Structures are given as structure tokens and as C-alpha cells.
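Asks: Numbering (our numbering), first residue to last: 402 to 852. Supplied in C-alpha cells, the structure appears directly below.
Following this line, the structure appears as C-alpha cells:
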């Protein structure tokens, strides 16, 4: 009985919903290139195709240092306006360890969000990170104690904890499963960690903010004296970007590099989330635990350059379906005899990113979403799904011609559907009757067992 129900349900679905066709099944073969990366962990990611091209210890928890500030920048972009005015508290300035970089800011100094983002991402200013964190933790307001009192210190600590919780929540939203932030700047803490893979997710999301991406491209930044700063100094503060990949005068210059964020602490080593663009392809490289930034083969910048060259030179796009090409032909069961044979045409090109030495074979499935007439030429009637090495890609399929509805076919279909529906209801009715009989028998048996 169950088999009969299944057969008729499948038939009904066939008529009213989807048709799936399969053809061209085979495998993908590849050879590995030798790529030397000296850092402890690394990831190379292709933004356009959402594809990881290289990993080394990508999921190992490590200290992220100032690459942390990328998440601080993300939360700033999501919560603030660039023109917002923010005031620096005493502890946002004075809680930074002596050896850490700053924006030379002073207590009570007022700056815009845009100025603070420039300081955060270009010279890696730790004071800017604290100021932004405290502002956002207070609902994007300056309603916090600016003094050096103990209560102000408690409030500052509470604000940083609140902001760190926001960072961790956002990290989870982005899919970062091995990340935990304690502060907004990466000041070393044993419980402050991430992975190369998670930082890649964070960097990729950061690129979605054009204003932020443009800030990270800047080689230099100059901050004019503010009212508070001018009480102490008269000269503008000039900073260089810590990302040598974008500086033409640096040993680490890479001509396709377009920005993002560096980091360093003694415990973390030299780190970076870097991006590069060539021929409309954007790559993200993450390096963690590099031992040096000197002009040597094992430096952070040279590792990045090798990763980018590998991604740009060893991978290319191969088109597996051409726009306008005939993919298949199907029959529309309620179409008129003259129009029911429908050609399925690819709406767009379908290209995939593969290594140059890959021999590509594809498993293809056609999924029809519209299987009943009337159909107009150009209507999207389904899609072609291609599987390559476990990854799935798809392109919409459009009708190459009109398919007119056949009155006779529609009547037949309606009759078939009614018959199927009646039969299914009949089966359910029989099942219900059998359940009642079974229940009645059990009741009689139990009654007979009573003494």
C-alpha cells in the first residue's frame, strides 16, 4: 500500500513541479603546484567565486594582533555615520601599552568617524580603536565619563567588554567559528584569538564597504590639529600605512595590492589580511605568524606576493556553458503538438575557476521549474546545475520558443489529477478504517483477558 501511495505522489509531483535530467557524469583530476609559504598559517581566497585556493593551518587558533581592527572597522561602518563627532576619553588614550602604535590623540579631542577610521586602518592606531569601541558601546553617543576617575575606568572597561561582545556576535554571523575577541585593537590577550580562515571571512566582508576599502588603499594620511591637540602641538600628524604591499617605495610593494590590514605583536608575529585585484579578479590573502617584515624571502609581504601570483597565474576561468547555447530539449506535456517540443537555452555564460592543469569533466543536472504551458519565449523555465569536484554551479535556462496550451491536454491532465487525488483519498480512507479495526480488535482482546 505504501509503495502505491509513493508511486502516485511521485507522478503528481512530476506533473505539477519539477523534472530533473542527468547527463555527462565524470571526474575531475588535478596536480598540485609547489607553493612555499613561510608563515605559520595562511589562506588564499578568490572573492569572485567564493573559492578557497590555498590553505596552511587555516583553522588553527592564533593571535590576530591588529588585524582585529578590521572587525572594529566593520562595526563602525554598520553603526555610525562618517560625519559623526566622537570625543576621546581619558582611558581610551592612556590604556594603551607603551610599545603599541597610536594616532597621537589626546583626551577630550573631538574627531569624526572618518578621521578615526583612517587612523585605525592606516597607522593602526590603538587609541582610535578604543575611542570607536567606547562610542559604539554607548549607542553611538559620547555619554561616558571623560575624567580619570576610578568610576570612569570601570565604565571604560565595561564599554570595551560590551563592544567585544558585539565583535564576537558579528564574527559568528559571518561564520567565524574559531574566533574570540577581548578588545577592539588586538592588544595581546591569551583569550583573544582567531584563525586565518576566519580572518579571511572578516576581510571579505570588510571589502563590501566601499568607503572602508578606499581608506585601506591610502599610503599616507595627514590629520590636521584639532582644537584640543592644537593646545599642545601645531603641526599636523602624518602617518604611513603599515601595509607595505601598497607602497611603491617599499620593498614589499605588490602592484595589484589594494589594501586591508596588517598586525604585529611579539606573541602573534607579523600578520596581514591583504587584498589584490587583477583583470576583474579580487583575491584575499591572510598571513598569520610570519617571523619578519624584512626584505627576505620569508617575510610577510613576500608570502603574500607568492600567494597572489599563485592565484592569478595558476588559476583561470573556463567556460563550461556558453550564453545562448542549446542545453537540452524537453516535451511540455500539456503543450500543443506543434509547440510542445521546447529547446532549453542557457541564459548566461557559466564559467568556473580552476587550475590551469585541471582536466574538467562535469556532472550536469537540468532542473525544470515550469513544466506546464503556456510558456513564453525567454521565460526562465529551470536551471542547469553543474558539479565540478564537489562544488556546484548553476545557470538559468530559458525557453527558446512559445509553448501554447492544449485544451485537450489540459482536460486530460485535470482528469488524471482528479483520479490521483481520489485514489489518494481512498487510500487514506482505507488506512483510517484499518486503524479503527485494529484498535477495536485490541480492545476486544484486552477485554477478554480480564478475569
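Think of the CB as a built atom: it goes at the ideal place given N, C-alpha and C, for glycine as much as any other residue. It should be emphasised that the depicted structure is a prediction, and the values quoted were computed from it without experimental measurement.
Rounded to whole angstroms, what is the Cα-Cα separation between residue 686 and residue 571?
Replies: Start at 1 with the first residue of the chain shown, and residue 686 comes out as number 285. Start at 1 with the first residue of the chain shown, and residue 571 comes out as number 170. Spanning the two alpha carbons is a distance of roughly 21 Å.
Asks: Pairing CB atoms from the segment 674-689 with CB atoms from the segment 621-636, are three or more of them under 8 Å?
Replies: The answer is no - the segment 621-636 does not touch the segment 674-689, with fewer than three Cβ pairs under 8 Å.
Asks: Could you tell me the distance, in whole angstroms, from the CA atom of residue 545 to the CA atom of residue 444?
Replies: Indexing the chain shown from 1 puts residue 545 at position 144. Indexing the chain shown from 1 puts residue 444 at position 43. Spanning the two alpha carbons is a distance of roughly 40 Å.
Asks: From this set, 533, 480, 478, 659, which residue's C-alpha is nearest residue 372's C-alpha?
Replies: Lying before the first or after the last residue shown, residue 372 is absent from the chain, which here runs from 402 to 852.
Asks: Use the C-beta contact count for residue 464: other C-beta atoms within 10 angstroms, 16 or more gives buried, fewer gives exposed.
Replies: Along the chain shown, one-based indexing puts residue 464 at 63. Buried.
Asks: Which residues does DSSP list as the beta-bridge partners of residue 719?
Replies: Working through the chain shown from its first residue, we reach residue 719 at position 318. Residue 719 is bridged to 753.
Asks: Have a look at 784, 582, 717 and flag the residue whose alpha-carbon is nearest the alpha-carbon of residue 730.
Replies: In the chain shown, the residue the question calls residue 730 occupies position 329. Comparing Cα-Cα distances from residue 730 to each of 784, 582, 717, the minimum goes to 784.
Asks: For residue 576, which of 593, 604, 742 has the nearest alpha-carbon?
Replies: Along the chain shown, one-based indexing puts residue 576 at 175. Comparing Cα-Cα distances from residue 576 to each of 593, 604, 742, the minimum goes to 604.
Asks: Entirely within the segment 739-789 and at least 3 residues each: give me those beta strand (DSSP E) ranges in chain order.
Replies: Listed in chain order, the complete beta strand (DSSP E) runs (minimum 3 residues) inside the segment 739-789 are 742-747, 751-756, 764-769, 781-789.
Asks: Quickly, what does DSSP pair residue 463 with across the bridge? List them, please.
Replies: Residue 463 sits at position 62 when you count from the first residue of the chain shown. Paired residues: 595.
Asks: In terms of alpha-carbon separation, which member of 492, 491, 536, 470 lies closest to residue 485?
Replies: To locate residue 485, count along the chain shown from 1; it is residue 84. The option with the nearest alpha carbon to residue 485 is 536.
Asks: Please give the ranges of any alpha helix (DSSP H) in the segment 487-526, keeping only runs that are unbroken, at least 4 residues long and fully inside the region.
Replies: Segments of the alpha helix (DSSP H) lying fully in the segment 487-526: 491-495, 514-522.
Asks: Helix, strand or coil for residue 795, going by three-state DSSP, please let me know.
Replies: On the chain shown, residue 795 is found 394 positions in, with the first residue counted as 1. It is a strand residue.
Asks: Along the alpha helix (DSSP H) that carries residue 564, what are the first and last residues, could you check?
Replies: Position 163 of the chain shown, counted from the first residue, corresponds to residue 564. Where residue 564 is concerned, the enclosing alpha helix (DSSP H) stretches over 551-574.
Asks: Taking DSSP as the reference, what is the three-state secondary structure of residue 732?
Replies: Within the chain shown, the letter at position 331 stands for residue 732. It is a strand residue.
Asks: When the Cα of residue 517 is compared with those of 583, 564, 623, which residue comes out closest?
Replies: By one-based count along the chain shown, residue 517 stands at place 116. Checking every option, the nearest Cα to that of residue 517 belongs to 623.
Asks: Taking the DSSP output, what are the residues bridged to residue 621?
Replies: Numbered from 1 along the chain shown, position 220 holds the residue referred to as residue 621. Paired residues: 641.
Asks: Along the chain, where does the alpha helix (DSSP H) that runs through residue 476 open and close?
Replies: For the purposes of this step, residue 476 is taken as residue 75 along the chain shown, with counting starting at 1. 470-480 is the span of the alpha helix (DSSP H), which, as asked, contains residue 476.
Asks: As a quick exercise: from 806, 712, 526, pick the residue whose alpha carbon is nearest that of residue 499.
Replies: Here residue 499 corresponds to residue number 98 of the chain shown, with the count starting at 1. Considering only alpha carbons, the answer is 526.
Asks: In whole angstroms, give me the CA-to-CA distance for residue 432 and residue 590.
Replies: Position 31 of the chain shown, counted from the start, is the residue given in the question as residue 432. Position 189 of the chain shown, counted from the start, is the residue given in the question as residue 590. Unreliable placement is indicated for residue 432, whose pLDDT of 32 sits below 50; the coordinate value is still reported in the next sentence. Each residue's alpha carbon lies about 41 Å from the other.
Asks: Since residue 529 contacts residue 560 with CB under 8 Å, what's their CB separation in whole angstroms?
Replies: As a working mapping, residue 529 is identified with position 128 in the chain shown. As a working mapping, residue 560 is identified with position 159 in the chain shown. The pair is not a contact, with the Cβ atoms about 15 Å apart (cut-off 8 Å).
Asks: Use the C-beta contact count for residue 611: other C-beta atoms within 10 angstroms, 16 or more gives buried, fewer gives exposed.
Replies: Residue 611 sits at position 210 when you count from the first residue of the chain shown. Exposed is the call here.
Asks: Tell me, to the nearest whole angstrom, how far the beta carbon of residue 583 is from that of residue 597; I am working on the premise that it is less than 8 Å.
Replies: Locating residue 583 in the chain shown gives position 182, counting from the first residue. Locating residue 597 in the chain shown gives position 196, counting from the first residue. Contact flag wrong, Cβ pair sits at about 19 Å.
Asks: Hey, would you say residue 579 sits closer than 8 Å to residue 599, going by beta carbons?
Replies: As a position in the chain shown, residue 579 is number 178, starting the count at 1. As a position in the chain shown, residue 599 is number 198, starting the count at 1. Against a cut-off of 8 Å, the Cβ pair of residue 599 and residue 579 comes out as a contact.
Asks: Taking C-beta to C-beta, are residue 522 and residue 674 nearer than 8 Å?
Replies: Taking the chain shown and counting its residues from 1, the one referred to as residue 522 is at position 121. Taking the chain shown and counting its residues from 1, the one referred to as residue 674 is at position 273. Contact: no.
Asks: Can the beta-carbon of residue 776 be found less than 8 Å from the beta-carbon of residue 800?
Replies: Along the chain shown, one-based indexing puts residue 776 at 375. Along the chain shown, one-based indexing puts residue 800 at 399. Cβ distance < 8 Å, so residue 776 and residue 800 count as in contact.
Asks: Determine the direct distance from the alpha carbon of residue 763 to that of residue 720, and round the result to whole angstroms.
Replies: Taking the chain shown and counting its residues from 1, one reaches residue 720 at position 319. Taking the chain shown and counting its residues from 1, one reaches residue 763 at position 362. For residue 720 and residue 763, the distance between alpha carbons rounds to 12 Å.
Asks: Between which residues of its own chain and residue 373 is the CB-CB distance below 8 Å, once the five residues before and five after are set aside?
Replies: Residue 373 falls outside the range modelled here, since the chain spans only 402 to 852, and no answer is possible.
Asks: Taking residue 462 as the reference, which of 802, 772, 668, 678 has the closest Cα?
Replies: Locating residue 462 in the chain shown gives position 61, counting from the first residue. Ranking the options by Cα distance to residue 462, first place goes to 668.
Asks: Hey, out of 739, 751, 644, 840, whose CA is closest to residue 700's CA?
Replies: The residue labelled residue 700 in the question sits at position 299 within the chain shown. Taking only the C-alpha atoms, the option nearest residue 700 is 644.
Asks: Leaving out five residues before and five after residue 796 in sequence, what residues of the same chain have Cβ atoms less than 6 Å from its Cβ?
Replies: Counting from 1 along the chain shown, the entry for residue 796 is found at position 395. So the qualifying residues of the chain are 722, 747, 749, 751, 785.
Asks: Within 10 angstroms of the Cβ of residue 557, are there 16 or more other Cβ atoms? Answer buried if so, exposed if not.
Replies: Counting from one through the chain shown, the residue named residue 557 turns up at place 156. Label assigned to residue 557: buried.
Asks: Could you tell me the alpha carbon to alpha carbon distance between residue 666 and residue 502, rounded to whole angstroms?
Replies: Within the chain shown, the letter at position 265 stands for residue 666. Within the chain shown, the letter at position 101 stands for residue 502. Residue 666 and residue 502: Cα-Cα distance of roughly 11 Å.
Asks: Please report the straight-line C-alpha distance between residue 489 and residue 497, rounded to a whole angstrom.
Replies: Counted from its first residue, the chain shown places residue 489 at position 88. Counted from its first residue, the chain shown places residue 497 at position 96. Cα to Cα, the separation comes out at about 13 Å.
Asks: Please classify residue 439 as buried or exposed, where buried requires at least 16 neighbouring CB atoms within 10 angstroms.
Replies: By one-based count along the chain shown, residue 439 stands at place 38. With 16 or more Cβ atoms within 10 Å of its Cβ, residue 439 is classed as buried.
Asks: Can you tell me whether residue 707 is buried or exposed, with buried defined as 16 or more other CB within 10 angstroms of its CB?
Replies: For this step, residue 707 is matched to residue 306 along the chain shown. Flag for residue 707 reads buried.
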